[in-house]
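Chemist:
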Amino acid sequence: MTEMMKAAVYRGVDDVRCETIAVPEIGPGEVLVRIDTCGVCGTDLKKIHTGSHAAPRVFGHEMAGVVAAVGDEVAGFAVGDRVMAFHHIPCGHCFYCRKQTFAQCETYKKVGTTAGFEAAGGGFAEYIRVMDWIVGDGVKTAGLVKVPDDIPFEQAAFIEPVNTCFKAVQLLELEADDTVLVIGQGSIGVILAALAKRTGATVLTSDLYPERHALAARYGLDRPIDARGDVIGAAKAATEGRGVDVVLVAVGSDALIGLAMEAVRPGGRVMLFASTQHGTAAFDPAAVCMDEKTLMGSYSASVAIQQEGVDLVFEGYRDGTLDLTKLISHRFSLEECAEAIEHASNPRPDSMKIVLKPGNWNLAKASAEGAVR
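Each residue of the sequence shown is one higher than the last, beginning at 24 in this note's numbering.
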């Protein structure tokens, strides 16, 4: 008899429903994971709102849970192991892998985790199938990561997004005398800013909401700029009129690229982190040529820094410097998936990270313990 589970199924543009579907079957080298926590990512929202992917699918990729079954030939994992899963892992030997541009690898572009239908992550479900190249062979670095008992699943669910942010910060090669402006203080903006600050750089943060600045301050981010005011003027005032050395744009707004280019000094760099939709942006090309400003981007995760990123998440929780569970403002059950998507798509002053909690999870208990609903 086929086992059944609940899942938040994408059925079309702006249409995500809680349905009962079959628990995915696993094959040799594969693992079945019962999901505890899955974050709602901006890329999930983009797919849901634009119809870029054919329905039906189950999205969700910022996930952690417990191994429920292992297939033949699986090495290094057993039922009951606490894990998180990356949904992309590169081949390791193609042209792009040799250049360490892993997100452009054709194998990397394949999704290696699914709850059913066309593979799309699957974390918005009770169970996911983790495919063999994600599980690995027990020797080669792959995408299934064990989570120690003292690390909450909600912290472990941030491993993939932290990797993407850490990759961007590493590409910038920040120095202690650099001044960095991070535009946007949603959960990703806070992570980017906190990681930038760990390099010793001075970090300015810009956002519309004082509530977000207050939360960012808990990560040592104490140079807030009101985004409704003169962000460029504030950036120059903090740098003797030059402009900042680096701007990280953590908001998917083409209009902000021009602002970032004005806020950065001659010879400085602007990093686009959230510009994942094709479009057209206006900026002064002479600023790139004559002022020698660099416009660059960073997308998705890097296997080259995977263990370092995992260690950051684990140790940051243990010593309190990067307790990312503080970023979670709202928790929803799978039955409330439509509400979760709506809430994540329309940020409010009191909303930060939105997560789904598949399975039998006591939302009322969590609310009583301080979770915002």
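We treat Cβ as the ideally placed atom computed from N, Cα and C, and that holds for glycine.
Where DSSP assigns a beta bridge to threonine 202, which residues make up the other side?
Modeler: Answer is Thr225.
Chemist: What first and last residue would you give for the alpha helix (DSSP H) that runs through tyrosine 340?
Modeler: Here the alpha helix (DSSP H) through tyrosine 340 covers 329-341.
Chemist: Three or more C-beta pairs under 8 angstroms: does that hold for the stretch 170-178 against the stretch 218-235?
Modeler: With the cut-off at 8 angstroms, the stretch 170-178 and the stretch 218-235 do not touch.
Chemist: Could you tell me which uninterrupted alpha helix (DSSP H) segments, each at least 4 residues in length, are contained entirely in the stretch 225-287, listed from first to last along the chain?
Modeler: DSSP runs (the alpha helix (DSSP H)) wholly in the stretch 225-287: 233-239, 254-260 and 278-286.
Chemist: When the Cα atoms are used, what is the spatial distance from asparagine 369 to aspartate 59?
Modeler: Asparagine 369 and aspartate 59: Cα-Cα distance of roughly 24 angstroms.
Chemist: Please specify which runs of the alpha helix (DSSP H), each continuous and at least 4 residues long, are wholly inside the stretch 344-376, giving them in chain order.
Modeler: For the stretch 344-376, whole alpha helix (DSSP H) runs of length 4 or above, ordered along the chain, are 360-368.
Chemist: If you pair each beta-carbon of the stretch 128-143 with each one of the stretch 177-184, do three or more pairs fall below 8 angstroms?
Modeler: With the cut-off at 8 angstroms, the stretch 128-143 and the stretch 177-184 do not touch.
Chemist: Between Gln330, Val226, Pro51 and Lys163, which has its C-alpha nearest valine 153's C-alpha?
Modeler: Here the closest residue by C-alpha is Pro51.
Chemist: Could you please give me the residues that DSSP links to glutamate 85 through a beta bridge?
Modeler: Answer is Gly62.
Chemist: If you run the structure through DSSP and keep just helix, strand and coil, what is cysteine 41?
Modeler: In this structure, cysteine 41 counts as strand in the three-state DSSP scheme.
Chemist: Are the CB atoms of serine 229 and valine 267 within a distance shorter than 7 angstroms?
Modeler: No, they are not a contact pair.
Chemist: Pick out the complete alpha helix (DSSP H) segments inside the stretch 150-201, 4 residues or longer, and give them in chain order.
Modeler: Listed in chain order, the complete alpha helix (DSSP H) runs (minimum 4 residues) inside the stretch 150-201 are 155-158, 176-179 and 182-195.
Chemist: Nearest-angstrom Cα distance between leucine 279 and histidine 116?
Modeler: Their Cα atoms are separated by approximately 37 angstroms.
Chemist: Considering only C-alpha positions, which residue in the set Leu379, Ala361 and His366 is nearest to glycine 35?
Modeler: Ranking the options by Cα distance to glycine 35, first place goes to Ala361.
Chemist: Terminal residues of the continuous beta strand (DSSP E) containing arginine 121?
Modeler: Here arginine 121 belongs to no beta strand (DSSP E); instead the alpha helix (DSSP H) covers 118-121.
Chemist: Looking at glutamate 85: is its Cβ nearer than 7 angstroms to the Cβ of cysteine 61?
Modeler: Yes, Cβ-Cβ distance for glutamate 85 and cysteine 61 is below 7 angstroms.
Chemist: Hey, how far is the Cα of valine 93 from the Cα of phenylalanine 189?
Modeler: Roughly 31 angstroms separates the two Cα atoms.
Chemist: Can you list, in chain order, the residues of its chain with a C-beta nearer than 8 angstroms to that of alanine 391? Leave out the 5 residues immediately preceding and following it.
Modeler: Any reading at alanine 391 must be qualified, since the residue scores a pLDDT of 32, below 50, and its modelled position is unreliable; no value is offered.
Chemist: To which residues of the same chain is arginine 251 closer than 7 angstroms at the C-beta, ignoring the five residues directly before and after it?
Modeler: So the qualifying residues of the chain are Leu231.
Chemist: Which same chain residues end up closer than 6 angstroms to isoleucine 377 when comparing Cβ atoms and leaving out the 5 residues on each side of it in sequence?
Modeler: Contacts found: Val63, His353, Ala363, His366 and Ala367.
Chemist: Between Arg288, Thr299, Ile214 and Asp249, which has its C-alpha nearest glycine 339's C-alpha?
Modeler: Nearest C-alpha to glycine 339: Ile214.
Chemist: Measure the alpha-carbon distance for alanine 297 versus valine 168 and round it to whole angstroms.
Modeler: About 26 angstroms.
Chemist: Applying the criterion that 16 or more other CB atoms from any shown protein chain within 10 Å of the CB defines a buried residue, is methionine 24 buried or exposed?
Modeler: Under this definition methionine 24 is an exposed residue.
Chemist: Of all the options Ser323, Asp307, Ala219 and Ala324, which has the alpha carbon lying nearest to the alpha carbon of lysine 316?
Modeler: The option with the nearest alpha carbon to lysine 316 is Asp307.
Chemist: Comparing C-alpha positions only, which one of Leu227, Gly243 and Val311 sits nearest to valine 270?
Modeler: Valine 270 has its Cα closest to that of Leu227, out of Leu227, Gly243 and Val311.
Chemist: Please identify the residue among Ala78, Lys380 and Tyr150 whose C-alpha is closest to the C-alpha of alanine 45.
Modeler: Residue Tyr150 is the option with its Cα nearest to alanine 45.
Chemist: Residue ranges of each beta strand (DSSP E) run of no fewer than 3 residues wholly in the stretch 90-141, ordered along the chain?
Modeler: If we require 3 residues or more, the beta strand (DSSP E) runs fully inside the stretch 90-141 come out as 105-108.
Chemist: Using 8 angstroms for Cβ pairs, my map puts proline 381 next to lysine 29. What's the rounded Cβ distance?
Modeler: Their Cβ separation, rounded to whole angstroms, is 7 angstroms, which keeps proline 381 and lysine 29 in contact under 8 angstroms.
Chemist: Helix or strand or just coil, what does DSSP make of glycine 212?
Modeler: Three-state DSSP puts glycine 212 in a helix.
Chemist: So, under 8 angstroms CB-CB, leucine 345 and valine 336 are touching, yes? Tell me the CB distance rounded to an integer number of Å.
Modeler: Contact holds; Cβ gap of about 7 angstroms.
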